[in-house]
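Just so you know, we're using the numbering used here here: the sequence shown kicks off at 1 and counts up by one. Taking it in order: structure first as structure tokens, then the write-up.
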Amino acid sequence: EGPMLAISLTAVNTVIIGMGMLRYRLFGVTLETTATTIVEAIEEGLLLCSPDGKIEYSNPSSWDLLDHEPDALSGTNVIEHIQPTHEVRRALKLAVRGRVVNSEGVIARRTGEETPVEYVMAAIRDLPGGPTQGIVVAIRDVGPLKSLINQLEEASRRLQEQVITDPLTGVY
């Protein structure tokens with residue numbers, strides 16, 4: 001095994017944003033404006049929360065995914081929006097301690113429909129190993145993917161059934 005290269009997500013994002021600014025000659029545009037544009041354009045829902053899970057910022061994709069208006073999300077807790085609640089609480093505690101947590105959950109829409117999601121929680125810190133200033137939560141709708149997996153499993157089951165069935169008698 002060779003040496004491992006550890007680069008913080010912040011450093012990678014800064015390089016990507018900087019490269020975009022150089023490539024498209026956006027020197028008059030601040031890094032903050034560029035980063036905000038990127039965050040607001042991504043497909044994943046993005047929440048910035050206090051260490052206890054209170055939502056302080058949400059991007060447009062999260063408004064659609066969580067089925068709420070922007071003003072309705074601010075000040076609420078992430079555990080109110082993603083189920084099961086005990087798993088989200090556990091993820092928050094681990095993220096505050098510095099762990100990156102990948103998990104699955106369900107979002108209950110106002111219509112009563114449930115949307116399966118994957119989410120990642122990570123601590124926001126000023127300095128490596130420093131106190132957690134907040135939590136970033138990235139959320140992705142995995143409903144279409146889960147539907148496709150179910151269809152493939154059903155097709156596989158039917159194919160296996162055809163393979164082991166005698167074509168003349170229909171007996172297994």
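Just so it is clear, CB atoms sit at the ideal spot from N, CA and C, and this is done for glycine as well.
Residue span of the alpha helix (DSSP H) that contains L73, given as start and end: Element bounds for L73: 70-73.
Residue closest to G105, alpha-carbon to alpha-carbon, out of G98, R99, E114: Of the listed residues, the one whose Cα sits closest to G105 is E114.
Exposure of N150, with buried meaning 16 or more beta-carbon neighbours within 10 Å: N150 comes out exposed.
Reduced DSSP category for D126 - H, G, I as helix; E, B as strand; rest coil: Shown here, D126 sits in coil according to DSSP, grouped into three states, outside any helix or strand.
Cβ pair count under 8 Å reaching 3, the segment 141-161 against the segment 72-84: By the Cβ test, the segment 141-161 is not in contact with the segment 72-84, since fewer than three Cβ pairs between them sit closer than 8 Å.
Member of V96, S61, R89 whose CA lies at the smallest distance from the CA of T132: For T132, the closest of V96, S61, R89 by C-alpha to C-alpha distance is V96.
The beta strand (DSSP E) enclosing D141, as first and last residue numbers: Looking at the DSSP string, the run of the beta strand (DSSP E) that includes D141 is 132-141.
L159, buried or exposed, once every other Cβ within 10 Å from all chains shown has been counted against 16: When all chains shown are included, L159 counts as exposed.
Top-ranked residue by Cα proximity to I124, from R90, G112, A138, H68: Each of R90, G112, A138, H68 was checked against the Cα of I124, and the nearest Cα belongs to A138.
Inside the segment 59-123 only - alpha helix (DSSP H) runs reaching at least 4 residues: The segment 59-123 contains these whole alpha helix (DSSP H) runs: 60-66, 70-73, 85-96.
For Q162 and L66, the rounded distance between their alpha carbons: Rounded to whole angstroms, the separation of the alpha carbons of Q162 and L66 is 42 Å.
Bounding residues of the beta strand (DSSP E) (the contiguous stretch that carries G45): From DSSP, the beta strand (DSSP E) with G45 extends over 45-49.
Cβ neighbour criterion (16 or more within 10 Å) applied to G134: Buried, because 16 or more other Cβ atoms sit within 10 Å of the Cβ of G134.
Other residues of its chain near D126: CB distance less than 8 Å, five sequence neighbours each side excluded: Counting only Cβ-Cβ distances below 8 Å, and skipping sequence neighbours, we find Q133.
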